[in-house]
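K.L.:
Residue numbers for the sequence shown follow our numbering, so the first one is 328 and each next one is one higher. Backbone N, C-alpha and C fix where the C-beta goes; we use that ideal spot for every residue, glycine too. To start, I am sharing the structure in question, which I have written as structure tokens.
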Amino acid sequence: MAPPARVRPYKDFLTPALHRRFAKGTAFISLLCYAEAVIIGPKNSLFWSWFPLGMAGIRTGLLFICAFSIFILRVAQLHVGLRTTNSGLETFVRYAPRWQTIQTIGWYFFSAWFFSEIFIWSASESANLNRIISGARTGRPNINERPIYLTSFLLLASLLQAAYHLFYDYDRINMPVTKTKPQSSSDQRPHLVVPPRTQLKNEFPRLALSALKRAGIMTVICPILYSITIPIIPFVYSFNMRHFAWGWTRMFAKIFWNLPKSTSLPTIGPFHYTVLFRTFEAGFLLILMWEVGNTAFSAYVAQEPLKNDRPITYESRDPNGSLLTGLKGKKLQTRAFAFWELVYIAQRFEGRRKVIFEDIDRTGGSAWSQILNACLEQINGVTSRINESQNHKPKEAAVPTIIQDPAKELPRLTQPLKDGLQKPGDLFTASPPPTTRAASVAQSLETFAKTRNVSPGEGGSLRAKAIQATEKILTPQQQAAVSPQGIKGFFMEYAASFLRTPFGLPFQQTYCRRITTIVLGSPYGDVLTSTVTTLERFKGSIGFHWTDVDRKMECPEVDTLLAALKGGLHDLLVAFGDFSRDLRLSAGEMRMAREAAAVHLRREMQETKEEATNPKRREMQETGQLDRACHHIWQRYLGVWLYGKGSRRRLAYDVAENLKMSAQKAGLSRISAITAAPRLPVLTPPDRASALPSSYSGGSLSLWHEVMVENSGAGRASITQESSLLTAPIASAALKARVRRPSLLKKLAHPEDLLSHFPNGAYIGWSGFTGVGYPKKIPTMLADHVENNGLQGKLKYSLFVGASSGAETENRWAALNMIERRAPHQVGKEIAKGINNGNIKFFDKHLSMFPVDLVYMIEKLRSNEDTIRTDLANEDVLQGFYTKDKPNNKLDVVIVEATAITEDGGIVPGASVGASAELIQMADKIIVEVNTSMPSFEGLHDITMTDLPPGRKPYLIMAPEDRIGTTYIPVDSEKIVAIVESDYQDQTQPNSPADASSEAIASHLIEFLEHEVAHGRLPKNLLPIQSGIGNIANAVIGGLANSKFEKLKVWTEVLQDTFLDLFDSDRLDFATATSIRFSPEGFKRFYDGWERYHNKLLLRSQQVSNSPEIIRRLGVIGMNTPVEVDIYAHANSTCVFGSRMLNGLGGSADFLRSSKYSIMHTPSTRPSKTDKIGTSCIVPMCTHVDQTEHDLDVIVTEQGLADVRGLSPRERARVIIQKCAHPEYQPILEDYFRKAEFECLRRGWGHEPHLLWNSFDMHKALDQEGSMRALKTWG
């Protein structure tokens, strides 16, 4: 048997390819050498100054040696992958002592010296750069210092260039990260790598500018470096470059010339402006040659591993074997190019792919299995390095612990011994003598105990006695200061200050460097793929090193790797998702894979939507299916127009018109005669048939009549039934992409088909919060039905929403008298009107408590407390407060807007979460509106299902960026009765622009926060910020975007447009909310910048975003706007004149009663039609109290800021009136306070003085006279 043929190693194909690219790179750089040769040469002949076969050609050849020396350096030190070290100092320590560093400096040194000789040789006589010149008086030869300075200048430039080369790692070859898609060889795409010439053309301006800057800097600083004396060893040895260069030049010149014996330097330095210009010119040309040479080498070498548009192993007798030797090669660059070639084979060369799968008889296993093992080795490399880093963390030095005395826990009969000290830590004040008999006995016992030395825990150990002495003599603060932790903290505080300076940069172990070192490996990153889940988890868990003062959780290298991995994972899911069972993959494994690839899936959604529609449409058009379908739909909708009435008829001809326009654009033939008709007129039933054009007569009209009778069964009499006439809805490609549970697509319905689910008196729940994420199609359909059929006041519902919904929808329901009861918050003039005129029963509630009360247990909790389950998954125990009167204790139907539905049936909300999770949990039936007019928000949410008392657990959130839940709302798919596709956008309004008043308030607030930071009461990046809604809140956030605060975090309810400004200013690191209520322009900006914003934002349910527990733990700075504030710091947020409801309590009290800083900001006056100054927002007594004096810390108006912390009520009143009230109202308020204070102190009521019989006189004056200032006197 003949021995197997020798497999040519991969390097036998890679090396010639690199040689070819090396040659092309040198050819390109020779052109630059020729151009520089023409520039530096004499211009004494128009022809010979540029002719290549003359002196210009000789200079070109000599200059090429300078450039070629850099190419030799690059070949010797070529590598791929990043240098991975934890800090700049570690990089220097690891790489500076290596031979490569000396080699780099040496080659640049040689190149600079040789260039200087060429430049001096090529210079004209007028340049005066000859090495030897004749003395002006004696005629004797002497040394010319100008060329010496020129050479010194270029040698210093070579050191600078070598530093750039080493610092920026010029030797690294950047292999582009590309996203490709499978294509056959017959339909190959053009090269994904930019051609080298194009790269060089695009880079040349930048390179020229860089060379210009460096040459300019060297021109300025080189005369200084050339002249100064540098002490190498103080008082022993110093170095002066001018002396050194002059001495060496003179030593060599004496061999050829008879020079004067004097060795003194010239009295005038060689710094004439002509010399400086020559040095600048030479430096610019040399640095440009180096930069272009390095760029050309990198551009040509980092080309695809292809030859003649085929893989470089194509010419091998055993292509697969050669490729395998590359994948298993010892050198990193060999493996990198082999994997790169494998990418192209997998994506573009179908023939090679077939050869790989057919190659099964190979030593070591089939070609495919060996390639798979090589790839998996890289995958496991990342995971193993992550696990190793987590399992081998440095151990902290053990701290000696002191065993506590068990007797100290027992009750004492006497006071603890003080060793003669009046109090611990006080060494100078003697204890006073006992004054009572009991004290005298205690002192005697103390003295006896000390003399007997019988204290528990004391022994003969000097260490134990020293520890006990320390405990007794030193205060706890002093003990903490001298402890190991205290000393370490003291050192770290000063070390952090140093690390923030430019000198501390080499010592910083940043997040990016540390994670790159672990994930990409060391010394160079050589990983091509990884486990997405492990890598994402590790990104969030690695934390910050104490030297990382910037604390930015950003790493472009790892993010690029992660994005490529997610893209590959998504491609695998698309290709093999339908075969998961055959591959023995469980549903859980597939779900985890889809969650890991979710971000990439969103990015591809729009492209998928477009590509999914057109091919199917073309196929249907070619087969005639689309033609027949459109014809059938046209017939049915025209029948509705003939026999329907009201909104059904208008809907019919609107749909028909849209179909006609679509058919004309699609070029359909079968309905061409029908679509040529004019727009259908709105006529009464007897006139409709006669109004049809001639093209509708005959058999077509008979067919339409038969369709109507067939569907209704009773002709025109029953034609008004909503569901009998419509065709089944067709799922669009976008909807199919969003609803990933196929069984739910069978429940797709028209809104009109669902009317039976909404009987009179039904309890209905809506998703939504602050006017975003609310359902639109179903509520609009119900309003149309009520209006067109005269059912105002006959169809009424109890409506439960997390907060406010779309004002345009709620206003219409209120105007049609469709709302019986509403909770807990609303926005809209019509619904407020209905509430205040008594038509709508409304109750408001703390937004953190509303969802919990919605699902709270009642009867079963009391009767079976020991055995009942308290988690929300057990729906048998859910009996909410608000549905206690319902037979099944459920909401009849809940309508939820979603942007996607997962494989498990989980609902992915849109721009808000609110109380959707709890509403879904309490629903008897669920209708999902899948909104395809906006991008999917999948991955942006953190949904938690709250446990119920007494088994409620704490939220494990220690920072706004902490995730504790899922990205979707779990739901029982059996409860979903219908899916409706929606294409309505959220109807948000443009933000009110900031006025002078709101900007002044923002200025006062920011000044206050800066003051708190300066006095150490707040950290430099503040505490998490909460802000309400409105132009004042917008102005405050906008002011923070322009402030000096950095690394801010936000924990709030709602995000408005100015938060995008705060993100863009790089001052906001992370924000969490339950809703993002942007203006239309803001949403467009958000969608366009999705990649920039989505990883800095989380949306949570309102019971989490408004949780007092979390707000108190994080120490939130809460800022909200009231209706009015009284002089004692009570606030009214809901009711004007104590009676007229505005919107509801909302979440202001959730934050103000729990925040570290509770702030209310309001203008001092509000506009009034009857008073040009306006009505005062600072009043003697609030007509309705929502936030008490115990909740508020700071009150701000455009007049000023009142910090009322720690003040008594009377002190608060003086500060609030003086700093917050409008000047027109200050005398009125001061008069009231003086009279109240006098009267109440006289009666002994003076803690919080009020004249109850006069407290609302300002409100009375406003009601009766039209102005609060019309008040003449109090009483």
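1) Can you confirm whether threonine 622, when its beta carbon is compared against all beta carbons of chain B, has any partner nearer than 8 Å?
2) Give the single residue among Ser1300, Val1223 and Tyr600 whose Cα lies nearest to the Cα of lysine 1074.
3) Rounding to the nearest angstrom, what Cα-Cα distance links proline 1507 and histidine 1574 in this structure?
4) How close, in whole Å, do the beta carbons of aspartate 1477 and serine 1175 come, if the pair is a contact with beta carbons under 8 Å?
5) So is isoleucine 559 buried or exposed if we call it buried at 16+ other beta carbons inside 10 Å?
6) With 16 as the cutoff for other CB atoms within 10 Å, does proline 1214 come out buried or exposed?
7) Does the structure place the stretch 1554-1565 close enough to the stretch 1483-1499 that three or more beta carbon pairs sit under 8 Å?
8) Going by DSSP, which residues form a beta bridge with serine 1354?
9) Using the Cα positions of lysine 1121 and glutamate 1408, report the straight-line distance between them to the nearest angstrom.
10) Leaving aside the five residues before and after proline 1554 along the sequence, list all residues of the same chain whose C-beta is less than 6 Å from its C-beta, in chain order.
11) Please confirm whether methionine 545 and phenylalanine 441 have their CB atoms less than 8 Å apart.
12) Measuring alpha carbon to alpha carbon, tell me which of Pro1536, Arg335, Ile1364 and Ala1321 ends up nearest glycine 656.
13) My parser needs the alpha helix (DSSP H) runs of 4 or more residues fully inside the stretch 1445-1519; what are they?
14) Helix, strand or coil, according to DSSP, for valine 420 in the structure here?
15) Which partner residues of threonine 1293 appear in the DSSP bridge assignment?
16) Indicate whether histidine 1457 and cysteine 1509 have their beta-carbon atoms separated by less than 8 Å.
17) Excluding five sequence neighbours on each side, which residues of the same chain lie with their C-beta closer than 6 Å to the C-beta of glycine 610?
18) Tell me whether the stretch 1238-1258 and the stretch 1093-1109 touch, counting them as touching only if at least three CB pairs, one residue from each stretch, are closer than 8 Å.
19) Could you tell me the alpha carbon to alpha carbon distance between lysine 1499 and histidine 1549, rounded to whole angstroms?
20) If we ignore side chains and look at the alpha-carbon of each, how far apart do alanine 535 and leucine 615 end up?
21) According to DSSP, what are the bridge partners of arginine 1148?
22) Determine the burial state of aspartate 1384: buried for a count of at least 16 other Cβ atoms within 10 Å of its Cβ, exposed for fewer.
23) Could you check which residue in Ile1454, Ile698 and Gly384 has the C-alpha nearest to that of valine 1512?
24) Compute the Euclidean distance between the alpha carbons of leucine 1578 and valine 1128, then round it to the nearest angstrom.
25) Would you kindly report the start and end of the unbroken beta strand (DSSP E) that includes threonine 1399?
26) Excluding the 5 residues flanking glutamate 472 on each side, which residues of the same chain have their C-beta closer than 6 Å to its C-beta?
27) Who does proline 1305 pair with in a DSSP beta bridge?
28) Would you call the stretch 1370-1380 and the stretch 1343-1351 in contact, with 3 or more CB pairs under 8 Å?
29) Which two residues bound the contiguous beta strand (DSSP E) that contains phenylalanine 566?
30) Once the 5 residues before and after aspartate 1388 are set aside, which same chain residues still bring their CB inside 8 Å of it?
31) Would you kindly work out how many angstroms separate the C-alpha atoms of glutamate 1265 and alanine 1227, rounded to a whole number?
32) Should arginine 1065 be labelled buried (16 or more other beta-carbon atoms within 10 Å of its own) or exposed?
33) Can you tell which of Leu1267, Leu1081, Gln1316 and Ser1263 has the C-alpha that lies nearest to the C-alpha of leucine 1425?
34) Is the CB-CB distance between alanine 1089 and aspartate 1219 below 8 Å?
35) Check whether the Cβ atoms of glycine 1237 and methionine 1261 lie closer than 8 Å to each other.
36) Taking aspartate 1310 as part of the beta strand (DSSP E), name the residues at either end of that continuous run.
P.N.:
Here's the rundown:
1) Annotation note: the requested chain B is absent from the structure, which comprises a single protein chain.
2) Minimum Cα distance to lysine 1074 is reached at Ser1300.
3) For proline 1507 and histidine 1574, the distance between alpha carbons rounds to 15 Å.
4) Sure, about 5 Å apart at Cβ, within 8 Å.
5) Flag for isoleucine 559 reads exposed.
6) That one is exposed.
7) No, the stretch 1483-1499 does not touch the stretch 1554-1565.
8) Partner residues in the beta bridge of serine 1354, as assigned by DSSP, are Met1446.
9) Spanning the two alpha carbons is a distance of roughly 40 Å.
10) In its chain, beyond the 5 residues on either side, no residue has a beta carbon closer than 6 Å to the beta carbon of proline 1554.
11) No.
12) Comparing alpha-carbon positions, the option among Pro1536, Arg335, Ile1364 and Ala1321 lying closest to glycine 656 turns out to be Arg335.
13) List check, alpha helix (DSSP H) in window: 1475-1479.
14) Three-state result, valine 420: helix.
15) In the DSSP secondary-structure assignment, threonine 1293 is bridged to Ile1270.
16) Contact: yes.
17) So the qualifying residues of the chain are Ala484, Ala542 and Met545.
18) Under the three-pair Cβ rule at 8 Å, the stretch 1238-1258 counts as touching the stretch 1093-1109.
19) If I take the Cα positions, the gap works out to 13 Å.
20) Linking alanine 535 to leucine 615 through their CA atoms gives a straight-line distance of about 6 Å.
21) Looking at the DSSP output, arginine 1148 shares a beta bridge with Ser1125 and Lys1168.
22) Counting Cβ neighbours within 10 Å, aspartate 1384 comes out buried, since at least 16 surround it.
23) Of all alpha-carbon atoms in Ile1454, Ile698 and Gly384, the one lying nearest the alpha-carbon of valine 1512 is that of Ile1454.
24) One C-alpha to the other measures close to 41 Å.
25) Start and end: 1395-1400.
26) Counting only Cβ-Cβ distances below 6 Å, and skipping sequence neighbours, we find Pro593 and Pro597.
27) The sequence as given places alanine at residue 1305; proline does not occur at that position. Paired residues: Ile1254.
28) Output reads yes: the stretch 1343-1351 touches the stretch 1370-1380.
29) 564-567 is the span of the beta strand (DSSP E), which, as asked, contains phenylalanine 566.
30) Excluding sequence neighbours, aspartate 1388 sits near Ile1364, Gly1365 and Ala1368.
31) Linking glutamate 1265 to alanine 1227 through their CA atoms gives a straight-line distance of about 7 Å.
32) With 16 or more Cβ atoms within 10 Å of its Cβ, arginine 1065 is classed as buried.
33) The residue with the shortest Cα to Cα distance from leucine 1425 is Leu1267.
34) Against a cut-off of 8 Å, the Cβ pair of aspartate 1219 and alanine 1089 comes out as a contact.
35) Yes. Within cutoff.
36) Under the DSSP assignment, aspartate 1310 falls outside any beta strand (DSSP E); it carries neither an H nor an E label.
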